[in-house]
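Trainee: Shown below is the structure under consideration.
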Amino acid sequence: MAISIPSDITLNRRDYGIGEAIKLDDADLPADDKHPLVVCCLKYIASPVSSGVYSKIEDSFGNYLDSGLMERIANDDSEFDFDKTEYDKHLSSVKNYMKELTLETLILKLKPYVGSENKKWISANIRGTQKEGLDTLISDFSNLSGRQRALSFNVKGEVSAKINQAIRRNLPYYPALQYFVDRGHKSSKYEQGEDIEGLEDIEGVISFEKDSNKYLMEVKLPDRKTALELNVSLYTLTINMGKVFENIAEEQGLSYILRKSYNSLMKAFNKFKFHPDNNIKSDIIEDKINAIYEFNDILRQGTFDSDEDGLRYTEEQRRNAIKEGDFETEMKKFEKLNELGLISNKTYVDFKDGKRFTSFPVDKDLLNFVKLNIDFKRSLPENKDKSPPEYYNEIELLFQRKSSARTRAEITRDARIEESAIISAPSGTTYSERQFFIDESWKTPDDVKLNFDALKYNRELDSVFKKLLIPSNSTLILSFIVPEKDKQTYSTKRLTEEDKKELNNSYLDVVRVEKDYEFETQKYDAEGKLREIRPSFETRPSKLEDERLGYKMPSKQGVVQVQGSKDKGGTTIAREKAQGIVDAGLPSTNYSADLNAFIYYVMRQTNKLEGKLGGEII
34 MAISIPSDIT LNRRDYGIGE AIKLDDADLP ADDKHPLVVC CLKYIASPVS SGVYSKIEDS
94 FGNYLDSGLM ERIANDDSEF DFDKTEYDKH LSSVKNYMKE LTLETLILKL KPYVGSENKK
154 WISANIRGTQ KEGLDTLISD FSNLSGRQRA LSFNVKGEVS AKINQAIRRN LPYYPALQYF
214 VDRGHKSSKY EQGEDIEGLE DIEGVISFEK DSNKYLMEVK LPDRKTALEL NVSLYTLTIN
274 MGKVFENIAE EQGLSYILRK SYNSLMKAFN KFKFHPDNNI KSDIIEDKIN AIYEFNDILR
334 QGTFDSDEDG LRYTEEQRRN AIKEGDFETE MKKFEKLNEL GLISNKTYVD FKDGKRFTSF
394 PVDKDLLNFV KLNIDFKRSL PENKDKSPPE YYNEIELLFQ RKSSARTRAE ITRDARIEES
454 AIISAPSGTT YSERQFFIDE SWKTPDDVKL NFDALKYNRE LDSVFKKLLI PSNSTLILSF
514 IVPEKDKQTY STKRLTEEDK KELNNSYLDV VRVEKDYEFE TQKYDAEGKL REIRPSFETR
574 PSKLEDERLG YKMPSKQGVV QVQGSKDKGG TTIAREKAQG IVDAGLPSTN YSADLNAFIY
634 YVMRQTNKLE GKLGGEII
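Sequential numbering of the sequence shown, starting at 34, is according to the numbering used here.
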C-alpha cells in the first residue's frame, strides 16, 4: 500500500509535521539514501550546520518515528493515506540502512544538506580523520571508544575541566541551575550564560504531588488549654538532578562514567524472616518478599544501566547484553520473579527487551505481611526499650522508611510540628521572607515554582541541595505538610485574637518541611574520561571562527589563555601554550578545532536521532 503523509499534520490542534510531504511505496524498499525517511534522517543530522534550514525537521521528525502516533494522526486526517504495518516495514528498513553507515559514508551523504559554506568541511574531515575513525559505524557514536575513534583523539575543554573538578572535589556545579531558572524557578547563585546553553525540557526533573488522603495535626495556641485540631495536606517534592546532568552531558558532548557502586550480589543480603513466634510465618511468603526486594536492590545499584566501563546502555545495547549472557547471575534472580508470579508478563517481556526499570512494585499483600511482622516485633516485651534498627531487618527498615511519610501523618500531635520547619509562608505573615514556593505555587502542583534561595533558612536542606548539585546521578525527595486555610472545620468562637494571629502567622497556608528526607546518589567517576569538542586558543579571532559562529557551530570552548603576550618572546609563549594545552586536557599534536567542531555536531545529532527522539533508527 502507498503511504502519503501531508506536509502539515495535526492531532488535537497540535502541530506534528515537518513541513514536507512524504510519499512511500514498495518501490522505496529496501531503503537507500533516496528513501524519503532516510533523507529526513540526513536533514535532521545536518540541521546544526545548515543555517537552520531544517530546524522544523529537527524539532518534529521524532513524531514520524512513532508509527502508533502516526496512525492516530491518520485516523483523524482524511488526507492522510496510512497503514501502520506497511509503515513499520519502512522504519525497519531505514533503521537497517542507517546503522550500516560509517562516519565516512555518512558525511559524504550529508554533503547536499550542510549548506554551501560548510561543504568544505566534508572533504577536509575525510582527509584529516584517521582510517580507523572513518570506518567507525555511526551506531558506535553512543559509546566512548567509538567517539574517540571518530575524533582520532580524546579532548577535554573548559566545561569538562570544571565539571571534572566539581566531581573530584565534591563541589556544586551551579551552572546546572540554568535549567531551573529558565523555567521560572529562582536562584541567585546562577549567572546567565555562565557555562552552558539553554537546555531543552526534560521529563521527570521536578515532580510535586499532593497526597489524596486526609490527615490531622494538633497544635497548641497561647490562650488555649487544649490542642486545636487542624486538617493538613501532605505534599511530596522530587528533584531528579541526574536527568539534568545527563542532558548537560549530551549538549556539551561529554561522556559521564558512573562510579561502580558495591555489587549487591557480593554482599550478604539481609533477608526477611518472620519472627519465630509469629504464627503467620510462611516459607513461600518469605521467598517472595526476599526475591522482589533483592532484585529491586540490584536495580537500585544500576547493574543493568551501564557496561563494564560505566557507559550507559541504550535499550538495544541492554537487550543484546542480556541475550549474550552478560548478566547470567542477575537474570536467574529475574527469572525467579516470573516463576513466583511477582511481575506481570508485560514487565517480563519489556525487561528482557531492554527497557530500563529502577524498581518493580511490591504486591500490597506482601507489604502487609511485612507490616504485620513489624507490628509483632514492636509489641514484644524484649523490644520495649530498643530502637527499631536494633530488631528490624533491612527490608523492614526500608518498608518503614518508604511508608513513614504517610503513617506519621495519620494522627499527629504538637511534636510533629516541632520536628518540622517553616520553609514557605504567605506574604504579610511573620515568616513571609521564607518563600520556597514562589507566589504560593504549592497550590498548583502541576506548575510549582521554587525559590532555591529560601533554602538558606534551613541549614540541613541547604547542605543537601549543594550535594544535589555535585555532578552525579542524584535524587532528592522532600515531604511537606500544609494546614490549608480553606480546608479547616474548627470553630473560631473560643479563639482569642492572639490565637487567631498565631494561627495565621505560623500555621494556616504555612508550608512546613519534614525533618526526614530521602537522598540517593550514584557518583560519577572523575578518573574516567570526560570530553568536550573543539577547544580553542584565545588569540586573534580568525575568519573561520566568525564563520563558525554564524553557522550554529559550538559556542562553548575550552580556552587556553596566554597572559601578557605582548611582552613575551615566541619561545615563552609557545612553552606556556603547550603547558596550557596539557592542563586543559587537550591533545598536544594532531589537533584541529575546525574539523572536530563539524564532526562533533554530526555525532551529537546522530545520537539524538537514536536515543533522545526515541525512534531507535540506529
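For every residue, glycine included, the Cβ atom is placed at its ideal position computed from N, Cα and C.
#1: Alpha carbon to alpha carbon, how far is tyrosine 49 from glutamate 112? Give it in angstroms, no decimals.
#2: In whole angstroms, what separates the C-alpha of lysine 56 from that of threonine 391?
#3: Glutamate 357 by DSSP, collapsed to three states: which one?
#4: Quick check on isoleucine 36: buried or exposed, where buried means 16 or more other Cβ atoms within 10 Å of its Cβ?
#5: If I measure Cβ to Cβ from isoleucine 318 and keep anything under 6 Å in the same chain, skipping five residues before and after, which residues do I get?
#6: Below 8 Å CB to CB, which residues in the same chain sit around lysine 533 once its five sequence neighbours on both sides are set aside?
#7: Distance check for phenylalanine 241 and aspartate 479, CA to CA, integer angstroms please.
#8: For glycine 335 and histidine 308, what's the separation of their Cα atoms in angstroms?
#9: Taking 6 Å as the limit between beta carbons, can you name the residues of its chain near asparagine 323, skipping five residues before and five after?
#10: Please name the residue, chosen from Ser507, Ser496 and Trp475, that lies closest to lysine 243 on a Cα-to-Cα basis.
#11: Considering isoleucine 106, what are the terminal residues of the alpha helix (DSSP H) in which it resides?
#12: Say whether the stretch 100-109 touches the stretch 161-173, bearing in mind that this needs 3 or more beta-carbon pairs closer than 8 Å, one atom from each stretch.
#13: Give me, in chain order, the residues of the same chain whose beta-carbon lies closer than 7 Å to that of tyrosine 120; leave out the 5 immediate sequence neighbours on both sides.
#14: Hey, out of Asn537, Asn416, Tyr424 and Leu375, whose CA is closest to leucine 400's CA?
#15: Could you have a look at glutamate 473 and say whether DSSP puts it in helix, strand or coil?
#16: Are the beta-carbon atoms of phenylalanine 469 and alanine 487 separated by less than 7 Å?
#17: Whole angstroms is fine: what's the gap from serine 93's alpha carbon to leucine 254's?
#18: Just list the residues that DSSP pairs arginine 47 with in beta bridges.
#19: For the beta strand (DSSP E) holding glutamate 551, just list the boundary residues, first then last.
#20: According to DSSP, simplified to helix, strand and coil, what is isoleucine 75?
#21: Note down the Cα distance separating threonine 477 from leucine 249, rounded to an integer number of angstroms.
#22: Which stretch, first to last residue, makes up the beta strand (DSSP E) that contains serine 513?
#23: Output needed for serine 412: all residues of its chain with C-beta closer than 7 Å, excluding positions within five of it in sequence on either side, in chain order.
#24: Where does the unbroken alpha helix (DSSP H) through leucine 399 begin, and where does it stop?
#25: How many Å lie between histidine 68 and valine 127 at the Cα?
Mentor: To lay it out plainly:
#1: Distance between the alpha carbons of glutamate 112 and tyrosine 49: 15 Å.
#2: Answer to the nearest angstrom: the Cα atoms are 41 Å apart.
#3: Glutamate 357 falls in the coil class under three-state DSSP.
#4: Classification of isoleucine 36: buried, given that the 10 Å Cβ count is 16 or more.
#5: Once the five neighbours on either side are set aside, the close Cβ partners of isoleucine 318 are Phe402.
#6: When the five nearest sequence neighbours on each side are left out, the beta carbons in the same chain lying within less than 8 Å of the beta carbon of lysine 533 are those of Thr525, in order along the chain.
#7: In a straight line, the C-alpha of aspartate 479 is about 7 Å away from that of phenylalanine 241.
#8: Cα to Cα, glycine 335 sits roughly 32 Å from histidine 308.
#9: Contacts found: Lys304 and Phe305.
#10: Taking only the C-alpha atoms, the option nearest lysine 243 is Trp475.
#11: Counted as a single uninterrupted DSSP element, the alpha helix (DSSP H) harbouring isoleucine 106 occupies residues 100-108.
#12: Contact between the stretch 100-109 and the stretch 161-173 is absent, because fewer than three Cβ pairs lie under 8 Å.
#13: So the list reads Ile36, Ser100 and Met103, once near-sequence residues are dropped.
#14: Closest by alpha carbon: Leu375.
#15: It is helical.
#16: Yes; because the gap between Cβ atoms is below 7 Å, this pair is in contact.
#17: The alpha-carbon separation between serine 93 and leucine 254 amounts to approximately 58 Å.
#18: Answer is Leu44, bridged to arginine 47.
#19: Taken as a continuous stretch (DSSP letters only), the beta strand (DSSP E) holding glutamate 551 covers 551-556.
#20: The displayed chain sequence assigns leucine, not isoleucine, to residue 75. In the three-state reduction of the DSSP assignment, leucine 75 falls in the helix class, which pools H, G and I.
#21: Computed Cα separation, rounded: 22 Å.
#22: In the sequence on display, residue 513 carries phenylalanine and not serine. Membership of phenylalanine 513 in the beta strand (DSSP E) is indicated by the continuous run 505-515.
#23: Cβ neighbours of serine 412 beyond the five flanking positions: none.
#24: Unbroken alpha helix (DSSP H) run through leucine 399: 397-412.
#25: Going from the Cα of histidine 68 to the Cα of valine 127 covers about 8 Å.
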